[in-house]
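For reference, the structure discussed in these notes is given below.
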Amino acid sequence: METVCKDGVPASAPKRLNVYEQTQVRLEKIFNAFDNVYVSFSGGKDSSALLYLCIEYVRKHCPGRKLGVVHMDYEVQYSATVRFVDEVLASNRDILDVYRVCVPFKVPTCTSMHQRYWRPWDEEMKEGWVREMPAGAYTYKDFPFFSKRMWDYDFQHSFARWIHERKGAKRTCCLVGIRTQESLHRWRTVNHRDSFRFHGWKWARRLDPGVYNAYPIYDWLTTDVWIANGKFHWPYNHLYDLYYQAGVPLEKQRVASPFLSEARSSLSLYRVIDPDMWGRMVNRVNGVNFTAIYATTSAVGWRQQVTLPKGYTWEKYMRFLLDTLPESTRRNYQNKLAVSIQFWRDKGGVLADETIEKLRAAGIPIIVGGKSNYKTTKKPVRMEYMDDIDLPEFRELPTFKRICICILKNDHTCKYMGFAPNKEEKERRERVMRKYKELL
Numbered sequence: 241m242e243t244v245c246k247d248g249v250p251a252s253a254p255k256r257l258n259v260y261e262q263t264q265v266r267l268e269k270i271f272n273a274f275d276n277v278y279v280s281f282s283g284g285k286d287s288s289a290l291l292y293l294c295i296e297y298v299r300k301h302c303p304g305r306k307l308g309v310v311h312m313d314y315e316v317q318y319s320a321t322v323r324f325v326d327e328v329l330a331s332n333r334d335i336l337d338v339y340r341v342c343v344p345f346k347v348p349t350c351t352s353m354h355q356r357y358w359r360p361w362d363e364e365m366k367e368g369w370v371r372e373m374p375a376g377a378y379t380y381k382d383f384p385f386f387s388k389r390m391w392d393y394d395f396q397h398s399f400a401r402w403i404h405e406r407k408g409a410k411r412t413c414c415l416v417g418i419r420t421q422e423s424l425h426r427w428r429t430v431n432h433r434d435s436f437r438f439h440g441w442k443w444a445r446r447l448d449p450g451v452y453n454a455y456p457i458y459d460w461l462t463t464d465v466w467i468a469n470g471k472f473h474w475p476y477n478h479l480y481d482l483y484y485q486a487g488v489p490l491e492k493q494r495v496a497s498p499f500l501s502e503a504r505s506s507l508s509l510y511r512v513i514d515p516d517m518w519g520r521m522v523n524r525v526n527g528v529n530f531t532a533i534y535a536t537t538s539a540v541g542w543r544q545q546v547t548l549p550k551g552y553t554w555e556k557y558m559r560f561l562l563d564t565l566p567e568s569t570r571r572n573y574q575n576k577l578a579v580s581i582q583f584w585r586d587k588g589g590v591l592a593d594e595t596i597e598k599l600r601a602a603g604i605p606i607i608v609g610g611k612s613n614y615k616t617t618k619k620p621v622r623m624e625y626m627d628d629i630d631l632p633e634f635r636e637l638p639t640f641k642r643i644c645i646c647i648l649k650n651d652h653t654c655k656y657m658g659f660a661p662n663k664e665e666k667e668r669r670e671r672v673m674r675k676y677k678e679l680l
């Protein structure tokens, strides 16, 4: 295991724990403090390592105790992952309390201009399912809280409350195998200052009264996971062997929904690694084949490699692209754009002094405000939308070219633009905030 200790440290110096030993300390705290513990298991390397860490800990330190494991089954997945999940859930049955969830919640997709989401295990599409529903799976009928308006992340939150009440637990902890090395978003999840902590633990945050998420392996590196697999002989998903043979870099080898924006560039691997699944999934979700062919080209805005058609401005090109979209999709982008234009006119985006000077040097009309309400030293800058601008800070500035890239990417939430949450997301956040205010 990778360790923080270095050669030459005096023998009398206190030992500094490596990441495996740190995790053992965290697991001890978790199993002592929570009477209901379950692991969120996807079949990927991180959640698998976390699950086996917990299995070994329970067998050694908590004889007779059950460990919950929940697997959100998204229907469309590599066959190797399905087999691995089947094997893991079938083994260690003596200590595992298994919840394999097959529910038609909304799942984002960036493969289609017609669909913002798709639904795994949608009964209306049963003839098109890519495989049979696993025996013993929990369906929407098992969850009284389920609503067809739910996104997958909404369901996971509600599931935590549901299992907490089902078990009659005093405290429930969902263990999630995320690592801060993976992304800035995951780093923020662990390091967010305003999170409700349990006993001040950096790696645990409250979801609801008595219900927490914990991230015991947040400080592991990818190499730590694979060293642990080799050292402790844990079973692992052999999809990673196929990834390696296909030349996929170690840091890009992930098990996730194939239709998310982060997975589009590797979608075509299904054709090589799992051709049978590929043949079925092409007919399951709109735009899969097109995305697999063009995901790394300018046709879908890959790495800003978008060229402007002759005789067009970016604003005119944006309006052309919008006219090609279905009405509901077009309206979604138009609403996002209207919110963004108003935001830059009335409040302004926060920009660094260096960026402000570059805009002035380029002759762009701007109004620079004083201190921002955000926790930053950057200043709020009000300005109108530009057609395009050739600056390294391109992604921080309001341009019609960025909207065009969003449309080409089928980025329905405009994540590439850094847009604020939509009305539904804001309302959900407000409900949560009101609940916490009442509790406090």
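Numbering (our numbering), first residue to last: 241 to 680. Where is the CB? At the ideal position from N, CA and C, for every residue including glycine.
From the DSSP output, in three-state form, read off residue i for me.
{"i": "N477", "result": "coil"}
{"i": "P620", "result": "strand"}
{"i": "K255", "result": "coil"}
{"i": "V309", "result": "strand"}
{"i": "M521", "result": "helix"}
{"i": "Y260", "result": "helix"}
{"i": "M365", "result": "helix"}
{"i": "R635", "result": "helix"}
{"i": "V343", "result": "coil"}
{"i": "R494", "result": "coil"}
{"i": "R323", "result": "helix"}
{"i": "Y378", "result": "strand"}
{"i": "Y357", "result": "strand"}
{"i": "R437", "result": "strand"}
Compare the beta carbon distance of residue i and residue j with 9 Å and say whether it is the shorter of the two.
{"i": "R419", "j": "Y476", "result": "no"}
{"i": "A468", "j": "G284", "result": "no"}
{"i": "W358", "j": "R571", "result": "no"}
{"i": "V710", "j": "S280", "result": "Absent from the model: residue 710. The displayed extent of the chain is 241 to 680, so no value can be given."}
{"i": "M623", "j": "S319", "result": "no"}
{"i": "P348", "j": "W402", "result": "no"}
{"i": "Y278", "j": "V310", "result": "yes"}
{"i": "G450", "j": "H478", "result": "no"}
{"i": "D651", "j": "C350", "result": "yes"}
{"i": "D275", "j": "A409", "result": "yes"}
{"i": "K641", "j": "V546", "result": "yes"}
{"i": "P456", "j": "L293", "result": "yes"}
{"i": "L577", "j": "I643", "result": "yes"}
{"i": "I270", "j": "V298", "result": "no"}
{"i": "P638", "j": "W584", "result": "yes"}
{"i": "Y625", "j": "I581", "result": "yes"}
{"i": "V322", "j": "L291", "result": "no"}
{"i": "V590", "j": "K619", "result": "yes"}
{"i": "A592", "j": "W460", "result": "no"}
{"i": "G603", "j": "V621", "result": "no"}
{"i": "L565", "j": "Y573", "result": "yes"}
{"i": "R305", "j": "W443", "result": "no"}
{"i": "L307", "j": "D337", "result": "yes"}
{"i": "W474", "j": "A454", "result": "no"}
{"i": "I606", "j": "L599", "result": "yes"}
What residue does the alpha helix (DSSP H) around residue i start on, and which one ends it?
{"i": "N332", "result": "It is not in any alpha helix (DSSP H) - N332 carries neither H nor E in the DSSP assignment."}
{"i": "Y278", "result": "Note, Y278: premise wrong, no alpha helix (DSSP H); beta strand (DSSP E) at N276 to S280."}
{"i": "R299", "result": "K285 to H301"}
{"i": "T462", "result": "T462 to F472"}
{"i": "F395", "result": "D392 to K407"}
{"i": "C644", "result": "F640 to L648"}
{"i": "L509", "result": "L509 to I513"}
Answer with yes or no whether the minimum CB distance from residue i to chain D is below 9 Å.
{"i": "D394", "result": "Looking for chain D here will not work: only one protein chain is present."}
Ends of the beta strand (DSSP E) at residue i?
{"i": "Y452", "result": "V451 to A454"}
{"i": "C413", "result": "T412 to V416"}
{"i": "D448", "result": "A444 to D448"}
Rounded to whole angstroms, how far is the Cβ of residue i from the Cβ of residue j, which I believe are closer than 8 Å?
{"i": "Q421", "j": "M312", "result": "Wrong, their Cβ atoms sit about 23 Å apart, outside the cutoff."}
{"i": "C414", "j": "A377", "result": "C414 to A377, Cβ: 19 Å. No contact."}
{"i": "P360", "j": "E296", "result": "Not quite, the Cβ-Cβ distance comes to about 31 Å (not below 8 Å), so this is no contact."}
{"i": "P498", "j": "Y510", "result": "7 Å"}
{"i": "V512", "j": "A486", "result": "6 Å"}
{"i": "A273", "j": "R437", "result": "Not confirmed; about 12 Å, so no contact."}
{"i": "R340", "j": "P374", "result": "6 Å"}
_Length at least 4, wholly inside the stretch 544-623: the alpha helix (DSSP H) runs in chain order_ = 554-563, 567-586 and 593-601, all fully within the stretch 544-623.
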